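Participant: Following this message is one structure expressed as structure tokens.
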Amino acid sequence: VFEGEILGEILRQSRGSAGFGYDPVFLPTGRNRTTAEMSSSEKAAISHRGKAMRQFLDWFSKTYLKAN
Numbered sequence: 112v113f114e115g116e117i118l119g120e121i122l123r124q125s126r127g128s129a130g131f132g133y134d135p136v137f138l139p140t141g142r143n144r145t146t147a148e149m150s151s152s153e154k155a156a157i158s159h160r161g162k163a164m165r166q167f168l169d170w171f172s173k174t175y176l177k178a179n
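One point on numbering: in this note's numbering, the residue at position 49 of the sequence shown is 160, and numbering is uninterrupted.
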């Protein structure tokens with residue numbers, strides 16, 4: 112199992128129009144923009160899915176790519 116976590120707070124008012132779901136009201140810790148205000152590459156760099164995917168890719172490359 113590969114996990115990722117992103118800490119932050121839920122705002123009372125939405126900001127931004129990109130993304131979906133809770134993106135307009137989610138403000139990641141240490142950031143001054145909601146995930147809806149970020150570019151897709153900025154969001155991917157900090158997202159829980161991105162973190163889990165990077166863990167998987169690291170494991171996969173060490174386990175399968177180097178074995179072959």
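Glycine included, each C-beta is placed from N, C-alpha and C at the ideal position.
Model, not experiment: these values are computed from the prediction.
Should Lys177 be labelled buried (16 or more other beta-carbon atoms within 10 Å of its own) or exposed?
Facilitator: Result: exposed.
Participant: Flag this pair as touching only if the region 140-158 and the region 166-173 have three or more C-beta atom pairs under 8 Å; answer yes or no.
Facilitator: Too few Cβ pairs lie closer than 8 Å, so no.
Participant: Go ahead and pull the three-state DSSP assignment for Ile121.
Facilitator: Of the three classes helix, strand and coil, the one that applies to Ile121 here is strand, per DSSP.
Participant: Can you tell me which of the three DSSP states Phe167 falls into?
Facilitator: In the structure shown, Phe167 sits in a helix (DSSP, three-state: H, G or I).
Participant: Identify, in the order they occur along the chain, each residue of the same chain with its Cβ nearer than 7 Å to the Cβ of Arg165, setting aside the five sequence neighbours on each side.
Facilitator: If we look at Arg165 and ignore the five residues flanking it on each side, it has no Cβ neighbours.
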